[in-house]
Amino acid sequence: MGQARRSRLYEYAEQGDALRPEPSDGSEHRRHAFAALLGEFRRTAVLVPVDADGAPLAAEFSGVRWIYAFSDEGALARFAVARGEGAREWAYQRWLGARLLDAAVPAVGVPCGVALDCADGVDGVVFPPVRGVVPDAVAVDVNGGDGGDGGTGDAR
658 MGQARRSRLY
668 EYAEQGDALR
678 PEPSDGSEHR
688 RHAFAALLGE
698 FRRTAVLVPV
708 DADGAPLAAE
718 FSGVRWIYAF
728 SDEGALARFA
738 VARGEGAREW
748 AYQRWLGARL
758 LDAAVPAVGV
768 PCGVALDCAD
778 GVDGVVFPPV
788 RGVVPDAVAV
798 DVNGGDGGDG
808 GTGDAR
């Protein structure tokens with residue numbers, strides 16, 4: 658018999674493990690760097706493309722919804738071109754990263770994170786739905802963390 662397929666959510670939960678203190682194993686520098694990046698993101702206004710109703714644009718990937726966010730108009734333009742939609746006008750709002758992580762993510766109702774500058778390859782960053790990044794109530798690595806409402810929320 659084949660091995661049971663493991664949910665990709667476990668991979669995001671394991672990313673959250675990197676945020677928690679553990680014995681020195683060479684990853685301490687990465688934890689500190691990510692914590693600094695997360696702190697900067699939380700304090701920074703980013704561009705969030707929105708739909709006609711003003712809801713943030715997002716995509717599903719491996720069982721997680723990712724809200725798109727961009728550090729500047731150039732990053733948003735690169736995303737639009739990569740999608741083949743560079744000619745159309747993109748509506749966006751400026752949101753603090755903290756507002757995205759603390760309010761928008763829980764409002765989605767399913768496991769959700771934020772993808773920053775996702776068209777920029779290795780220069781892009783994901784903020785996964787794990788403890789230390791999003792509220793514990795919606796973190797996939799906390800017992801009972803289910804995206805806020807058991808996965809029955811809004812499917813935008």
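In terms of my numbering, the numbers along the sequence shown are unbroken and rise by one, the last being 813. Cβ atoms here follow ideal geometry from the backbone N, Cα and C, with glycine treated the same way.
Exercise for the section: Take Phe698 as the anchor and find which of Cys769, Gly781, Pro713 and Glu717 has the nearest alpha-carbon. Expected result: It is Gly781 whose Cα lies nearest to the Cα of Phe698.
Exercise for the section: Report all residues from its chain with a CB closer than 6 Å to the CB of Ala776; omit the five preceding and five following residues, and keep chain order. Expected result: Excluding residues up to 5 positions away in sequence, Arg735, Phe736 and Ala739 lie with their Cβ nearer than 6 Å to the Cβ of Ala776 in the same chain.
Exercise for the section: Could you please give me the residues that DSSP links to Leu753 through a beta bridge? Expected result: In the DSSP assignment, the residues bridged to Leu753 are Ala702.
Exercise for the section: Starting from Trp723, follow its DSSP beta bridges and name the residues at the other end. Expected result: DSSP output for Trp723 lists Ala716 and Gly770 as bridge partner(s).
Exercise for the section: Quick one: grab the DSSP three-state call for Arg745. Expected result: Correct three-state label for Arg745: coil.
Exercise for the section: Flag this pair as touching only if the stretch 718 to 733 and the stretch 700 to 707 have three or more C-beta atom pairs under 8 Å; answer yes or no. Expected result: Cβ pair count under 8 Å is three or more, so yes.
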